[in-house]
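Numbering (the working numbering), first residue to last: 243 to 306. Every residue, glycine too, gets a C-beta built ideally from N, C-alpha and C. A short write-up of the structure that comes next.
See below:
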């Protein structure tokens, strides 16, 4: 959780969501989110999902 008390559960590139949808669809995926963040997942019939990718640094935000 990044800022759970403010309702922000994850950053722009939601890796946990990418793993869940990859497992649900049983296929490799390439997901682009936000301002250019990319997540690549690899599905395995043995029950594993590998995840990799990159994020774009779009600045710093102050949470009060």
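Tell me where the beta strand (DSSP E) around residue 274 begins and ends. If you number the chain shown from 1, residue 274 lands on position 32. Residue 274 -> beta strand (DSSP E) spans 271-275.
For residue 279: DSSP bridge partner residues: Along the chain shown, one-based indexing puts residue 279 at 37. Note: residue 279 sits in a beta bridge opposite 275.
To which residues of the same chain is residue 264 closer than 6 Å at the C-beta, ignoring the five residues directly before and after it? Along the chain shown, one-based indexing puts residue 264 at 22. For residue 264, where only same-chain residues beyond five positions count, the Cβ hits under 6 Å are 271, 283, 285, 291.
Would you say residue 278 and residue 298 are within 8 Å of each other, going by their C-beta atoms? Your numbering for residue 278 matches position 36 in the chain shown. Your numbering for residue 298 matches position 56 in the chain shown. It is a contact, given that the beta carbons lie within the stated cut-off.
Report the rounded CA-to-CA distance for residue 258 versus residue 294, giving the unit in angstroms. As a position in the chain shown, residue 258 is number 16, starting the count at 1. As a position in the chain shown, residue 294 is number 52, starting the count at 1. For residue 258 and residue 294, the distance between alpha carbons rounds to 11 Å.
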